[in-house]
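Asker:
Number of protein chains: 2
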Amino acid sequence: MMDDARHAMDGSSDTVAGRLALAIHEHRLLPGTKLVEDEVAEIFGVSRTVVRAGLQRLAHDRLVTLQRNRGAHVAQPTIREAREVFEARALLEPRTARSAAERTTPADVARLQAHIDEEHTALHAGDPGRALRLSGLFHIEIARIADQDTICAFITQLVARSSLIIALYWARRNALCESHAHDALLRALADRDGARAEDLMKGHLLDLVSSLDLRALPSTSRSLREALGRE
Amino acid sequence: MMDDARHAMDGSSDTVAGRLALAIHEHRLLPGTKLVEDEVAEIFGVSRTVVRAGLQRLAHDRLVTLQRNRGAHVAQPTIREAREVFEARALLEPRTARSAAERTTPADVARLQAHIDEEHTALHAGDPGRALRLSGLFHIEIARIADQDTICAFITQLVARSSLIIALYWARRNALCESHAHDALLRALADRDGARAEDLMKGHLLDLVSSLDLRALPSTSRSLREALGRE
DNA sequence: GTGAACTGAATTGTATACAATAAGCGATCC
DNA sequence: GGATCGCTTATTGTATACAATTCAGTTCAC
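Structure, rendered in structure tokens:
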């Protein structure tokens with residue numbers, strides 16, 4: 001279910017990092033939340049040593065920020081960072097979708113369809129966090145079909161950061177959530193129509209950013225709130 | 232000189248990671264070299280704790296590989312990984328060069344020119360490692376001019392990995408090293424000619440891969456050698 | 001009442017100690 | 001002679017201890 005980063009040891013610190021990451025993906029841990037090492041250590045039944053390793057991993061993925069002597073917090077991407085993340089995705093994902101389409105197998109189609117179904121049921125079961133996570137996994141799955149581990153790793157990170165961005169700047173939770181962009185993408189992949197997949201992905205990402213509220217104000221108010229000592 | 236990853240604490244573990252990374256960039260530490268924690272700790276005058284943190288950082292950047300209970304080694308990118316790295320660069324850097332060209336300032340031009348000059352002198356001074364490092368920094372500098380931190384971080388990682396790839400698969404050390412691709416790129420940037428910069432970057436990256444020997448054999452022989460117990 | 005300085009608790013940074021695992025090597029058996 | 005088993009050593013994984021720093025609440029001066 002979470003099998004990226006095979007390059008590293010799969011020690012307990014990766015378990016900690018993975019479970020924290022999942023909580024962040026599913027919006028159970030919200031941006032700005034402080035992650036005290038002792039608490040996390042006790043929750044997972046390990047020592048601070050392994051917690052620190054896990055937090056460092058998450059910091060490298062920009063899911064948490066580390067400040068010297070001031071601890072770890074779930075990251076709060078700025079508006080600028082939000083734009084950058086989606087610009088990077090716009091650079092990587094459409095072409096990757098094209099590559100994926102050209103090598104999609106029936107097994108891939110089945111797997112993606114299962115993903116979409118699961119996402120729908122999660123949404124109707126009133127678990128939007130899980131639906132969001134599955135929605136992100138759909139993008140990652142496409143990158144994996146393209147069979148490009150390096151780019152897939154980048155996209156994985158960008159999808160994770162997008163989850164934080166959505167937590168902060170999601171404007172209209174109404175429509176779009178139920179959008180059938182993923183269905184259309186899946187059909188293009190099943191048809192092995194690379195050009196169409198590329199276009200659909202490009203449009204899908206544009207829809208995503210346009211559903212965010214990236215005006216300058218929210219970030220200011222947020223940092224103000226932090227400046228007032230409340231976190 | 233080395234100011235990436237401002238998101239993390241700039242503790243001593245980053246110093247360790249930075250110095251190890253520099254040694255890898257400059258080919259003073261070659262792929263496959265084992266990095267024993269105690270040795271590194273003594274060399275840098277810190278404890279294993281901070282060395283481990285630094286190694287983890289480098290592992291995340293794919294500069295070293297960590298195997299559970301078996302320690303850290305300078306990474307040996309496979310041929311497949313080498314191809315992927317340059318495909319990712321081909322996806323990111325040309326467009327980034329275009330963006331950079333559209334916002335290049337005279338100060339940027341001066342800085343890049345200084346880079347090129349330094350690279351030439353290093354090359355003629357018989358320090359190819361330093362020249363290679365500077366050559367990589369040139370690419371990173373362009374990404375920074377484009378003012379996209381996220382993509383710049385990706386490119387930084389890809390450039391670093393490219394250094395390892397070059398150490399393993401560099402075929403003709405003769406020409407190309409002295410190529411004037413960077414000069415041409417700089418001129419396009421100075422002219423704020425985005426389209427030309429994009430094309431030049433695309434061609435430059437193609438030249439780079441074509442100067443590598445990415446046939447299937449070397450990797451096999453290398454893994455064979457490792458299979459025989461020598462590392 | 002406001003603000004600066006101080007004190008104690010809480011938290012992080014680093015080093016070290018111990019346990020667990022892997023690697024090296026010699027003796028033994030076939 | 002070659003391979004295998006077992007022991008010793010080296011190295012890593014994890015926990016804990018202590019030092020350094022930050023944070024919150026209080027006191028004190030104005």
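Just so you know, the protein sequences line up as chains Z and A, in that order.
First residue of the first sequence? That's 1 in our numbering, and the numbers climb one at a time after it.
First residue of the second sequence? That's 232 in our numbering, and the numbers climb one at a time after it.
Beta carbons: idealized from backbone N, C-alpha and C, even for Gly.
#1: When the Cα atoms are used, what is the spatial distance from residue 207 of chain Z to residue 88 of chain Z?
#2: To the nearest angstrom, report how far apart residue 322 of chain A and residue 180 of chain Z are at their CA atoms.
#3: Which residues in the same chain have their Cβ closer than 7 Å to the Cβ of residue 31 of chain Z, if we skip the five residues on either side of it in sequence?
#4: Would a check of beta-carbon distances place residue 174 of chain A closer than 8 Å to chain Z?
#5: Checking the sheet assignment: what are the DSSP bridge partners for residue 35 of chain Z?
#6: Assuming residue 13 of chain Z and residue 54 of chain Z form a contact by the criterion Cβ under 8 Å, report the distance between their Cβ atoms to the nearest whole angstrom.
#7: Within a Cβ cutoff of 6 Å, which residues of the same chain sit near residue 149 of chain Z, ignoring the five residues on either side of it in sequence?
#8: Is it right to say residue 267 of chain A is buried, meaning 16 or more other beta carbons lie within 10 angstroms of its own, or is it exposed?
#9: Could you spell out the range, first to last residue, of the alpha helix (DSSP H) harbouring residue 159 of chain Z?
#10: Roughly how many whole angstroms lie between the Cα atoms of residue 402 of chain A and residue 375 of chain A?
#11: Between the alpha carbons of residue 100 of chain Z and residue 242 of chain A, how many angstroms are there, rounded?
#12: What does residue 92 of chain Z touch in chain A if you count any residue whose Cβ is under 7 Å from its own?
#13: Between residue 209 of chain Z and the rest of its own chain, which residues show a CB-CB distance below 6 Å, the 5 nearest in sequence each way excluded?
#14: Of all the CB atoms in chain Z, is at least one closer than 8 Å to the CB of residue 316 of chain A?
#15: Decide if residue 130 of chain Z is buried, meaning its Cβ has at least 16 other Cβ atoms within 10 Å, or exposed.
#16: Contact criterion: CB-CB distance below 8 Å. Does residue 242 of chain A meet it with respect to chain Z?
#17: Could you tell me the boundaries of the alpha helix (DSSP H) in which residue 134 of chain Z lies?
#18: In angstroms, rounded to a whole number, what distance separates the CA positions of residue 293 of chain A and residue 368 of chain A?
#19: Where does residue 303 of chain A land, buried or exposed, given buried means 16+ other C-beta within 10 angstroms?
#20: Near residue 283 of chain A, what residues of its chain come up, given a Cβ to Cβ distance below 7 Å and the 5 sequence neighbours on each side ignored?
#21: Against residue 142 of chain Z, what residues of chain A qualify as contacts under a CB-to-CB distance less than 9 Å, listed in chain order?
#22: Please state the DSSP three-state secondary structure of residue 66 of chain Z.
#23: For the segment 101-130 of chain Z, which residues have a beta carbon sitting closer than 7 Å to at least one beta carbon of chain A?
#24: Please name the residue in A/288, A/313, A/298 and A/279 whose C-alpha comes closest to that of residue 445 of chain A.
#25: Taking Cβ positions only, does residue 195 of chain Z come closer than 8 Å to chain A?
#26: Counting contacts by CB-CB distance shorter than 8 Å, is residue 381 of chain A in contact with chain Z?
#27: Assign residue 437 of chain A to one of three DSSP states: helix, strand, or coil.
#28: Please decide whether residue 412 of chain A counts as near chain Z, where near means a Cβ-Cβ distance under 8 Å.
#29: Tell me the rounded alpha-carbon separation between residue 272 of chain A and residue 248 of chain A.
#30: Does the distance from the CB of residue 489 of chain A to the CB of residue 309 of chain A come in under 8 Å?
#31: If you drop the 5 nearest sequence neighbours on each side, which residues of the same chain put their C-beta closer than 6 Å to that of residue 186 of chain Z?
#32: Can you round the beta-carbon distance between residue 251 of chain A and residue 297 of chain A to whole angstroms, since I take them to be within the 8 Å contact cut?
#33: Please list, in chain order, the chain A residues whose beta carbon lies closer than 9 Å to that of residue 88 of chain Z.
#34: Could you give the residue range of the alpha helix (DSSP H) that holds residue 245 of chain A?
#35: Mind checking residue 336 of chain A: buried by the 16 CB within 10 Å criterion, or exposed?
Answerer: Let's see:
#1: Counting from 1 along the first sequence, the entry for residue 207 of chain Z is found at position 207. Counting from 1 along the first sequence, the entry for residue 88 of chain Z is found at position 88. Cα to Cα, residue 207 of chain Z sits roughly 15 Å from residue 88 of chain Z.
#2: Counted from its first residue, the second sequence places residue 322 of chain A at position 91. Counted from its first residue, the first sequence places residue 180 of chain Z at position 180. The alpha-carbon atoms of residue 322 of chain A and residue 180 of chain Z are separated by roughly 28 Å.
#3: Sequence index remark: in the first sequence, residue 31 of chain Z carries index 31 (1-based). Result list for residue 31 of chain Z: 74, 75, 76, 164, 167 and 168, in chain order.
#4: The question about residue 174 of chain A has no answer here: the residues shown for chain A are numbered 232 through 462.
#5: Counting from one through the first sequence, the residue named residue 35 of chain Z turns up at place 35. Looking at the DSSP assignment, residue 35 of chain Z forms a beta bridge with Z/72.
#6: Here the question's residue 13 of chain Z lines up with position 13 in the first sequence. Here the question's residue 54 of chain Z lines up with position 54 in the first sequence. So it is a contact: roughly 5 Å between Cβ atoms.
#7: Stepping through the first sequence from its first residue, residue 149 of chain Z is reached at position 149. Once the five neighbours on either side are set aside, residue 149 of chain Z has no close Cβ partner at all.
#8: For this step, residue 267 of chain A is matched to residue 36 along the second sequence. Looking at its Cβ environment, which holds fewer than 16 other Cβ atoms inside 10 Å, residue 267 of chain A is exposed.
#9: Within the first sequence, numbered from 1, the residue matching residue 159 of chain Z stands at position 159. Run containing residue 159 of chain Z: 149-169, per the alpha helix (DSSP H) assignment.
#10: Counted from its first residue, the second sequence places residue 402 of chain A at position 171. Counted from its first residue, the second sequence places residue 375 of chain A at position 144. One C-alpha to the other measures close to 30 Å.
#11: For the purposes of this step, residue 100 of chain Z is taken as residue 100 along the first sequence, with counting starting at 1. For the purposes of this step, residue 242 of chain A is taken as residue 11 along the second sequence, with counting starting at 1. Rounded to the nearest angstrom, the two C-alpha atoms are 41 Å apart.
#12: On the first sequence, residue 92 of chain Z is found 92 positions in, with the first residue counted as 1. Neighbours of residue 92 of chain Z on chain A, chain order: 322.
#13: Here the question's residue 209 of chain Z lines up with position 209 in the first sequence. So the qualifying residues of the chain are 86.
#14: Working through the second sequence from its first residue, we reach residue 316 of chain A at position 85. Closer than 8 Å: yes.
#15: If you number the first sequence from 1, residue 130 of chain Z lands on position 130. Result: buried.
#16: Numbered from its first residue, the second sequence carries residue 242 of chain A at position 11. It does; some Cβ of chain Z falls within 8 Å.
#17: In the first sequence, counting from the first residue as 1, residue 134 of chain Z sits at position 134. Where residue 134 of chain Z is concerned, the enclosing alpha helix (DSSP H) stretches over 128-145.
#18: One-based indexing of the second sequence puts residue 293 of chain A at position 62. One-based indexing of the second sequence puts residue 368 of chain A at position 137. Spanning the two alpha carbons is a distance of roughly 18 Å.
#19: Within the second sequence, numbered from 1, the residue matching residue 303 of chain A stands at position 72. Under a 10 Å Cβ-count criterion, residue 303 of chain A is classified as buried, with 16 or more other Cβ atoms of the shown protein chains found around its own Cβ.
#20: Counted from its first residue, the second sequence places residue 283 of chain A at position 52. Excluding residues within five positions, the ones whose Cβ falls inside 7 Å are 268.
#21: The residue labelled residue 142 of chain Z in the question sits at position 142 within the first sequence. Near residue 142 of chain Z there are no residues of chain A at all, since even the closest Cβ is about 15 Å away, more than 9 Å.
#22: Position 66 of the first sequence, counted from the first residue, corresponds to residue 66 of chain Z. In the structure shown, residue 66 of chain Z sits in a strand (DSSP, three-state: E or B).
#23: none
#24: Position 214 of the second sequence, counted from the start, is the residue given in the question as residue 445 of chain A. Considering only alpha carbons, the answer is A/313.
#25: Residue 195 of chain Z sits at position 195 when you count from the first residue of the first sequence. With 8 Å as the cut-off, residue 195 of chain Z does not count as an interface residue toward chain A.
#26: Within the second sequence, numbered from 1, the residue matching residue 381 of chain A stands at position 150. Answer yes: the Cβ-Cβ gap between residue 381 of chain A and chain Z drops below 8 Å somewhere.
#27: On the second sequence, position 206 is the one that residue 437 of chain A refers to. In this structure, residue 437 of chain A counts as helix in the three-state DSSP scheme.
#28: To locate residue 412 of chain A, count along the second sequence from 1; it is residue 181. By this cut-off, residue 412 of chain A is not an interface position.
#29: The residue labelled residue 272 of chain A in the question sits at position 41 within the second sequence. The residue labelled residue 248 of chain A in the question sits at position 17 within the second sequence. Computed Cα separation, rounded: 12 Å.
#30: An answer regarding residue 489 of chain A cannot be provided, because it is not within the stretch 232 to 462 covered by chain A.
#31: Within the first sequence, numbered from 1, the residue matching residue 186 of chain Z stands at position 186. Excluding residues up to 5 positions away in sequence, 112 lie with their Cβ nearer than 6 Å to the Cβ of residue 186 of chain Z in the same chain.
#32: By one-based count along the second sequence, residue 251 of chain A stands at place 20. By one-based count along the second sequence, residue 297 of chain A stands at place 66. Taking C-beta atoms under 8 Å as the contact rule, residue 251 of chain A and residue 297 of chain A fail to qualify, at a distance of about 13 Å.
#33: Here the question's residue 88 of chain Z lines up with position 88 in the first sequence. Contact annotation for residue 88 of chain Z against chain A: 323, 379, 381, 382 and 385 [CB-CB distance below 9 Å, chain order].
#34: The count along the second sequence starts at 1 and reaches residue 245 of chain A at position 14. 243-256 is the extent of the alpha helix (DSSP H) around residue 245 of chain A.
#35: Counting from 1 along the second sequence, the entry for residue 336 of chain A is found at position 105. Residue 336 of chain A comes out exposed.
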